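Undergrad: Here the sequence shown stands for residues -15 to 370, numbered as in my numbering. No residue lacks a Cβ here, since even glycine has one placed at the ideal position from N, Cα and C. Computed from a predicted structure; not experimentally measured. Sharing a structure, written as structure tokens. Questions coming.
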Amino acid sequence: MSDLYFAFFMTEVCGLPPLHTGMVVGGSLLFAALADLALVRLLTTSLAGRDPIRLQLVGAVASAGALMLFAAIAFLPLPFRLAGAVLTLLGFRATYAFVDVPQNALLSLAAADDLERRRLTVSRNVAGGAARVLLAFAFVPIMARQAPAESASSFLSLVIALSVLMIAGASFLTRSVGVRRQRAGSPIRDRRPLKGVWTLTAMMGVMTLATTVFGQLEPYLASYGMGGRLSATAFMGLVAVGGAASQPGWLKVSSRLKASALLGVAMAVMLAGSSALILLDRTSLLSALVIALLYGTGSGGVLFTLWSGIAGRASEGNALAVLGRFTAFAKTAQGIAVLLVGAALDTRIDRTDGQMVSSLMVVATVIGVIVVTGLLVIRRGQLFRT
-15 MSDLYFAFFM
-5 TEVCGLPPLH
5 TGMVVGGSLL
15 FAALADLALV
25 RLLTTSLAGR
35 DPIRLQLVGA
45 VASAGALMLF
55 AAIAFLPLPF
65 RLAGAVLTLL
75 GFRATYAFVD
85 VPQNALLSLA
95 AADDLERRRL
105 TVSRNVAGGA
115 ARVLLAFAFV
125 PIMARQAPAE
135 SASSFLSLVI
145 ALSVLMIAGA
155 SFLTRSVGVR
165 RQRAGSPIRD
175 RRPLKGVWTL
185 TAMMGVMTLA
195 TTVFGQLEPY
205 LASYGMGGRL
215 SATAFMGLVA
225 VGGAASQPGW
235 LKVSSRLKAS
245 ALLGVAMAVM
255 LAGSSALILL
265 DRTSLLSALV
275 IALLYGTGSG
285 GVLFTLWSGI
295 AGRASEGNAL
305 AVLGRFTAFA
315 KTAQGIAVLL
325 VGAALDTRID
335 RTDGQMVSSL
345 MVVATVIGVI
355 VVTGLLVIRR
365 GQLFRT
């Protein structure tokens, strides 16, 4: 369940102020980063040798339960909803670490070479993208422009269905994936991979900050600034479709371009899609299709490049720690972005003003691309395994 729906659910269905919502969702993401780091510590010390794949099944069951409790807070009396959101989201973040850390570590532990790691990255991104596609196309009929009581029931039903799918997916992974014999706590062999790891991690943090601001504002733009329901549904759905459907294409191109060049191309496509929000008539169905597919394809390429890059570095050793810190840093950036968006919506940004919302989405993307490009130039593109 994407965090962008958490925020919309809390403000528009539960009736909580944007500032409080940003503090709860953003704070829970910061807590999630700490949970990832704590689990990495356990898996490399007291729980060393424990099968991480079995842990992710336990985590899937526990986090599904916490997520369903979160979806039920709309049925609480208004004075209790904020406290309910805090407790259930913290429970979800803590338990989801047992899903996220082991599954991400598979990108290194279950692959024998860089090509296989890139293929696993595609599989990971397509699976996550398929879930986002379902959520995105369900958003307008389930969440937007409905009475809060109707949206609350629909949201809970959707969460129950997704929870069942999450448990089924974790169960399938437990039975089907074989992990290479590699000590999770083995040391990284030299300083060069470590430097690459931290620069890639910084890039992931910056791009996560940019895409989270964009994603947090997506439902508000779709609800109040995209014209009719068809354009809004197309926009929400095709951002997710572009991210998922483009993965095989990025895999194919990755064999012809250096990873740094591939990242540059992906950011250019992403920037083109974002800029089209203010250059094209976004209330037009055709414009909504173009904007969504460009941005989704570009952001999908950025994710592919950074995730396959960090998986390659993590294969040098200490995979759980490297990937655990990578995801923790990304979640920290997510949390900061949610806090910033919540504060902006509460004080400076009218969430029903499509022009204002879309401008903020473009600014976030531009800043992210500029900073990551700067990091590429500073490191001369020498971040990825060759």
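#1: Check whether the region 314 to 327 touches the region 16 to 24, taking contact to mean three or more Cβ pairs, one atom from each stretch, closer than 8 Å.
#2: Please classify I320: does DSSP put it in a helix, a strand, or coil?
#3: Could you spell out the range, first to last residue, of the alpha helix (DSSP H) harbouring A272?
#4: In whole angstroms, what separates the C-alpha of A245 from that of D98?
#5: Please list the terminal residues of the continuous alpha helix (DSSP H) segment that includes V223.
#6: If we ignore side chains and look at the alpha-carbon of each, how far apart do R213 and D265 end up?
#7: I need the straight-line Cα distance from S155 to V117, nearest angstrom please.
#8: In whole angstroms, what is the alpha-carbon distance linking A55 and L287?
#9: According to DSSP, is G301 part of a helix, a strand, or is it coil?
#10: Work out the CA separation of P86 and R108 for me, nearest whole Å.
#11: Below 8 Å CB to CB, which residues in the same chain sit around P1 once its five sequence neighbours on both sides are set aside?
#12: Please confirm whether R297 and L184 have their CB atoms less than 8 Å apart.
#13: For M210, name the three-state secondary structure that DSSP assigns.
#14: Buried or exposed: which applies to F64, given that a residue is buried once 16 or more other Cβ atoms fall within 10 Å of its Cβ?
#15: Does the beta-carbon distance from T5 to G326 come in below 8 Å?
#16: Just to confirm, is the Cβ distance from G153 to G226 under 8 Å?
#17: Reducing DSSP to helix, strand and coil, say where G199 ends up.
TA: A quick look at the data gives this:
#1: yes
#2: In the displayed model, I320 falls within a helix according to three-state DSSP.
#3: 269 to 298
#4: 17 Å
#5: 213 to 229
#6: 15 Å
#7: 22 Å
#8: 28 Å
#9: coil
#10: Cα to Cα, R108 sits roughly 13 Å from P86.
#11: T(-5), D330
#12: Taking 8 Å as the cut-off, the beta carbon of R297 is found closer than this to the beta carbon of L184.
#13: coil
#14: Exposed, by the Cβ-count rule.
#15: yes
#16: no
#17: helix
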